[in-house]
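Visitor: Below are the structure tokens for one structure; questions will follow.
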Amino acid sequence: MTPPTFAATALLVRVTLRRDRVRLAIWFAALLALPLAAVSAFESLYPTQASLDGYARTAANPAAIAIGGPGHGLHTLGGVIVFEVGGFIAIGIALCNVFLVGRNTRAEEELGRVELLRAAVVGRHAALAATLLVAAGFNAAVGGAVAVALGTQGLPWPGSVTFGAALTAIGLVFAAVTAVATQVADHARGAQAIAGAVFGAAYLARAAGDIGDGTLSWSSPVGWAQATRPFADERWWPLLLVSGLAAACVLGAFTLESHRDLGEGMTSRKPGPARASAGLTTRLGLVWRLQRSGIAGWAAGVLVAGGAMGAAADQTGDMLADNPDLLAALGGSAAEELTDVFFRMTALLLALAVSGYLVAAVLRGRGEERAGHVEPLLAGAVSRARWTSAQLAVPAVASAALLVLGGASAGAVYAVAAGDAAQLPRILGSAVAYLPAVWLFGGLAVALFGMAPRSAPVAWGALAVAAVASLLGPAFRFPAWAVDLSPFELTPQLPGGEVALTAPVVMLLLATALTVAGTAGFARRDLATTA
Numbered sequence: 000m001t002p003p004t005f006a007a008t009a010l011l012v013r014v015t016l017r018r019d020r021v022r023l024a025i026w027f028a029a030l031l032a033l034p035l036a037a038v039s040a041f042e043s044l045y046p047t048q049a050s051l052d053g054y055a056r057t058a059a060n061p062a063a064i065a066i067g068g069p070g071h072g073l074h075t076l077g078g079v080i081v082f083e084v085g086g087f088i089a090i091g092i093a094l095c096n097v098f099l100v101g102r103n104t105r106a107e108e109e110l111g112r113v114e115l116l117r118a119a120v121v122g123r124h125a126a127l128a129a130t131l132l133v134a135a136g137f138n139a140a141v142g143g144a145v146a147v148a149l150g151t152q153g154l155p156w157p158g159s160v161t162f163g164a165a166l167t168a169i170g171l172v173f174a175a176v177t178a179v180a181t182q183v184a185d186h187a188r189g190a191q192a193i194a195g196a197v198f199g200a201a202y203l204a205r206a207a208g209d210i211g212d213g214t215l216s217w218s219s220p221v222g223w224a225q226a227t228r229p230f231a232d233e234r235w236w237p238l239l240l241v242s243g244l245a246a247a248c249v250l251g252a253f254t255l256e257s258h259r260d261l262g263e264g265m266t267s268r269k270p271g272p273a274r275a276s277a278g279l280t281t282r283l284g285l286v287w288r289l290q291r292s293g294i295a296g297w298a299a300g301v302l303v304a305g306g307a308m309g310a311a312a313d314q315t316g317d318m319l320a321d322n323p324d325l326l327a328a329l330g331g332s333a334a335e336e337l338t339d340v341f342f343r344m345t346a347l348l349l350a351l352a353v354s355g356y357l358v359a360a361v362l363r364g365r366g367e368e369r370a371g372h373v374e375p376l377l378a379g380a381v382s383r384a385r386w387t388s389a390q391l392a393v394p395a396v397a398s399a400a401l402l403v404l405g406g407a408s409a410g411a412v413y414a415v416a417a418g419d420a421a422q423l424p425r426i427l428g429s430a431v432a433y434l435p436a437v438w439l440f441g442g443l444a445v446a447l448f449g450m451a452p453r454s455a456p457v458a459w460g461a462l463a464v465a466a467v468a469s470l471l472g473p474a475f476r477f478p479a480w481a482v483d484l485s486p487f488e489l490t491p492q493l494p495g496g497e498v499a500l501t502a503p504v505v506m507l508l509l510a511t512a513l514t515v516a517g518t519a520g521f522a523r524r525d526l527a528t529t530a
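In numbering that gives the first Met the number 0, the protein residues as written are 0 to 530.
In structure tokens, the structure reads:
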């Protein structure tokens, strides 16, 4: 007898919460910490209405709008907070839902766990329903906590609640989009790539619309959520658009799941050639084949982002000239070339993004191990050291190439706009200077993967701490020792700063030592396929 369609959904909700409790707690704390810290920081930066009015006159430049949104209510503290950190929180909550839904649905199918569950009294849609319920609860908790945090710190309650509801809506819609992607793609990585691409397209459409006349923003669910206008003239009806899209995607996901085989996607797999290409017969060729689509996506992202930053440099320099408090928050001074301050921040953001790519690429080996893909390779002539070296070589080279590509894009666009070709090598150098710090986080990920695989996510925590220290330390007036915890702060601050090689060399040596230790640890430990 076939069990009901949603049988055992409640049980699977508890299982999902039990398994993901640490990940969800970390995401929750990170998403809540940013607006909490922003209130006290911007309250001290803009203590009077006159300072808020000055901020409103200078803040809305194209680069800031592309990142933070249209900028409603910038004459209020709440509007400043939404503009400065709202975009980052939206990105974070969307990515959290993409990973959560992809990991607990399609990835579980690949590991064979869903098939085992379905052998018991578990309904066909129970796993997907349980995951979406957990995602909905998480998004509601984040939105509610943000609203309460802002409201209890003195910001108007209508704006606080509206902002929290907008964040919840963004999370819900991209959880639903990922649910559809898991039915279409034939593996978890493909599903998460599809959902991530949809979010990227939605964010870019919103950014392009807000920089323009606003029309294109209405094609994006991110634009719909931001159209609620927190701390300005709050509007609730755009949330109906987001809710409608989320509901349609959820219905579509369940419908598609009813019409596909377990373990298969809606798209048919094309049979490969009878013989492998010469590249696939080598370790590096196989790794490149598995990672090339992700690298291409990252390359496109840094190329566009770098170009956008280069195009906005002059306007942002003018904004910094009119806003000394913001200049100080970025770690600059009036004695410096203001565009240099801007490009130092651009290089830092690029380095943080590339570090995230490198950590994810290195820890992908853990997923290959758990999926059982590594054991057959090691059963042949490939040693553990040779397998590990191939897994590390491609991401290491790719991370360097991404830094070069982003820096060159920003430098080339600015050099053309300024009519000064000498700007290209200066700005490119500011990005490449962060390579030792980027590789240091890669080395940490290797060490954890090799010696303490269950603690591998600590690499993400270390990167998050460094990002907070470097991005928010000057603005939030962190103690100097706390800011100096970030390896990015030990990097020569280019363009415009002094070039000191001691810290970069030490970071390269430390990255090498961590890599060697991780490789040796992996050579000695047992393989795990279910850990």
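C-beta atoms are modelled at their ideal positions from N, C-alpha and C, and glycine is treated no differently.
Given the structure is predicted, the values throughout are model-derived calculations rather than measurements.
At what residue ranges does the segment 0–68 contain a whole run of the alpha helix (DSSP H), taking only runs of 4 or more?
Guide: The segment 0–68 contains these whole alpha helix (DSSP H) runs: 8–44, 48–58 and 61–67.
Visitor: Start and end of the alpha helix (DSSP H) containing E83?
Guide: Within the sequence shown, numbered from 1, the residue matching residue 83 stands at position 84. L76 to N103 is the span of the alpha helix (DSSP H), which, as asked, contains E83.
Visitor: Taking the CB atoms as reference points, tell me whether A7 and A125 lie closer together than 8 Å.
Guide: Counted from its first residue, the sequence shown places residue 7 at position 8. Counted from its first residue, the sequence shown places residue 125 at position 126. Yes. Within cutoff.
Visitor: Spatial neighbours of A397 within its chain, please: C-beta separation below 6 Å, excluding the five flanking residues on both sides.
Guide: Start at 1 with the first residue of the sequence shown, and residue 397 comes out as number 398. Excluding positions up to five away in sequence, the list reads I294.
Visitor: Using a Cβ distance threshold of 8 Å, determine whether the segment 126–134 contacts the segment 190–203, with at least three qualifying pairs required.
Guide: They do not touch, by the three-pair rule.
Visitor: Give the single residue among I25, H74, L443 and V467 whose Cα lies nearest to the Cα of T518.
Guide: Here the question's residue 518 lines up with position 519 in the sequence shown. Nearest option by C-alpha distance: L443.
Visitor: Counting Cβ pairs closer than 8 Å, one from the segment 103–119 and one from the segment 174–189, do we hit at least three?
Guide: With a cut-off of 8 Å, the segment 174–189 and the segment 103–119 count as touching, because enough Cβ pairs lie within range.
Visitor: What three-state label does DSSP hand T529 in the structure shown?
Guide: Residue 529 sits at position 530 when you count from the first residue of the sequence shown. For T529, the predicted model reports a pLDDT of 47, less than 50, meaning its position is unreliable; a value from the coordinates is still stated below. Here T529 sits in coil by DSSP.
Visitor: If you count every other CB in all the chains shown that lies within 10 Å of the CB of P186, and 16 or more means buried, which is it?
Guide: Walking along the sequence shown from the start, residue 186 turns up at place 187. The sequence shown places His at residue 186, rather than the Pro named in the question. By the neighbour-count rule (16 or more Cβ atoms within 10 Å), H186 is buried.
Visitor: Roughly how many whole angstroms lie between the Cα atoms of D483 and L302?
Guide: Stepping through the sequence shown from its first residue, residue 483 is reached at position 484. Stepping through the sequence shown from its first residue, residue 302 is reached at position 303. Whole-angstrom Cα-Cα distance: 29 Å.
Visitor: Taking the Cβ atom as the reference point for each residue, do G77 and L171 lie within a distance shorter than 8 Å?
Guide: Indexing the sequence shown from 1 puts residue 77 at position 78. Indexing the sequence shown from 1 puts residue 171 at position 172. For G77 and L171, no; Cβs fall outside 8 Å.
Visitor: Can you give me the start and stop residues for the alpha helix (DSSP H) that Q422 sits inside?
Guide: Here residue 422 corresponds to residue number 423 of the sequence shown, with the count starting at 1. Looking at the DSSP string, the run of the alpha helix (DSSP H) that includes Q422 is Q422 to V431.
Visitor: Answer with buried or exposed for A334, where buried requires no fewer than 16 other C-beta atoms within 10 angstroms of its C-beta.
Guide: The residue labelled residue 334 in the question sits at position 335 within the sequence shown. Reliability of the predicted coordinates at A334 is poor, the pLDDT of 47 falling under 50, and the value obtained from them is presented with this limitation in mind. Exposed: under 16 other Cβ atoms inside 10 Å.
Visitor: Answer with buried or exposed for Q225, where buried requires no fewer than 16 other C-beta atoms within 10 angstroms of its C-beta.
Guide: For the purposes of this step, residue 225 is taken as the residue at position 226 of the sequence shown. Under this definition Q225 is a buried residue.
Visitor: Assign G211 to one of two classes, buried (16 or more other C-beta atoms within 10 Å of its C-beta) or exposed (fewer than that).
Guide: Position 212 of the sequence shown, counted from the first residue, corresponds to residue 211. Under this definition G211 is an exposed residue.
Visitor: Taking C-alpha atoms, which residue in V147, N96 and L401 lies nearest to N138?
Guide: The residue labelled residue 138 in the question sits at position 139 within the sequence shown. Ranking V147, N96 and L401 by Cα distance to N138 puts N96 first.
Visitor: Taking buried to mean at least 16 other C-beta atoms within 10 Å of its own C-beta, is W223 buried or exposed?
Guide: If you number the sequence shown from 1, residue 223 lands on position 224. So W223 ends up on the buried side.
Visitor: Figure out for me which residue from W438, A479 and G208 has the closest Cα to the Cα of T511.
Guide: The residue given as residue 511 occupies position 512 in the sequence shown. Among W438, A479 and G208, the Cα nearest to that of T511 belongs to W438.
Visitor: Would L351 be called buried (16 or more neighbouring beta carbons within 10 Å of its own) or exposed?
Guide: As a first step, residue 351 must be located in the sequence shown, where it is residue number 352. Its Cβ being crowded by 16 or more others within 10 Å, L351 is buried.
Visitor: Taking only the alpha-carbon atoms, compute the straight-line gap between A9 and L127 and give it to the nearest angstrom.
Guide: Translated into the one-based positions of the sequence shown, residue 9 becomes position 10. Translated into the one-based positions of the sequence shown, residue 127 becomes position 128. For A9 and L127, the distance between alpha carbons rounds to 12 Å.
Visitor: If you draw a straight line from the C-alpha of A307 to the C-alpha of A207, how long is it?
Guide: Indexing the sequence shown from 1 puts residue 307 at position 308. Indexing the sequence shown from 1 puts residue 207 at position 208. A307 and A207: Cα-Cα distance of roughly 11 Å.
Visitor: Straight-line CA distance for A458 to L513?
Guide: Here the question's residue 458 lines up with position 459 in the sequence shown. Here the question's residue 513 lines up with position 514 in the sequence shown. If I take the Cα positions, the gap works out to 12 Å.
Visitor: Can you tell me which of the three DSSP states F448 falls into?
Guide: Within the sequence shown, the letter at position 449 stands for residue 448. Here F448 sits in helix by DSSP.
Visitor: How far does the alpha helix (DSSP H) with P155 in it extend, from its first residue to its last?
Guide: One-based indexing of the sequence shown puts residue 155 at position 156. No alpha helix (DSSP H) holds P155; DSSP gives it neither H nor E.
Visitor: Starting from Q492, trace the alpha helix (DSSP H) both ways and give me its first and last residue.
Guide: The residue given as residue 492 occupies position 493 in the sequence shown. No alpha helix (DSSP H) holds Q492; DSSP gives it neither H nor E.
Visitor: Buried or exposed for Q492, please, with buried defined as at least 16 other CB atoms from any protein chain shown within 10 angstroms of its CB.
Guide: Translated into the one-based positions of the sequence shown, residue 492 becomes position 493. Buried.
Visitor: Per DSSP, what kind of secondary structure is S382 in: helix, strand or coil?
Guide: Your numbering for residue 382 matches position 383 in the sequence shown. Looking at S382 - three-state DSSP - the assignment turns out to be coil, as it is neither helix nor strand.
Visitor: Got a sec? Which residues, its chain only, sit under 6 Å from R425 by beta carbon, not counting five neighbours each side?
Guide: Within the sequence shown, residue 425 is the residue found at index 426, counting from 1. Here the set comprises P494.
Visitor: Thinking C-alpha only, which one of R291, V160, G284 and D52 is nearest G143?
Guide: For this step, residue 143 is matched to residue 144 along the sequence shown. The shortest Cα separation from G143 among R291, V160, G284 and D52 belongs to V160.
Visitor: So T254 is in the alpha helix (DSSP H); what residue range does that whole segment cover?
Guide: Within the sequence shown, the letter at position 255 stands for residue 254. Taken as a continuous stretch (DSSP letters only), the alpha helix (DSSP H) holding T254 covers P237 to S257.
Visitor: Going along the chain, which residues of its own chain have a beta-carbon closer than 7 Å to the beta-carbon of A389, five neighbours each way excluded?
Guide: By one-based count along the sequence shown, residue 389 stands at place 390. Counting only Cβ-Cβ distances below 7 Å, and skipping sequence neighbours, we find R282, L283 and V286.
Visitor: Taking the Cβ atom as the reference point for each residue, do L434 and G410 lie within a distance shorter than 8 Å?
Guide: To locate residue 434, count along the sequence shown from 1; it is residue 435. To locate residue 410, count along the sequence shown from 1; it is residue 411. Not in contact: L434 and G410 (Cβ atoms no closer than 8 Å).
Visitor: Report all residues from its chain with a CB closer than 8 Å to the CB of T214; omit the five preceding and five following residues, and keep chain order.
Guide: Here the question's residue 214 lines up with position 215 in the sequence shown. If we look at T214 and ignore the five residues flanking it on each side, its Cβ neighbours are G208.
Visitor: Answer yes or no: do M506 and A399 have a C-beta to C-beta separation smaller than 8 Å?
Guide: Locating residue 506 in the sequence shown gives position 507, counting from the first residue. Locating residue 399 in the sequence shown gives position 400, counting from the first residue. Not closer than 8 Å, so no.
Visitor: Residue range of the alpha helix (DSSP H) that E114 falls in?
Guide: Within the sequence shown, residue 114 is the residue found at index 115, counting from 1. Taken as a continuous stretch (DSSP letters only), the alpha helix (DSSP H) holding E114 covers R112 to R117.
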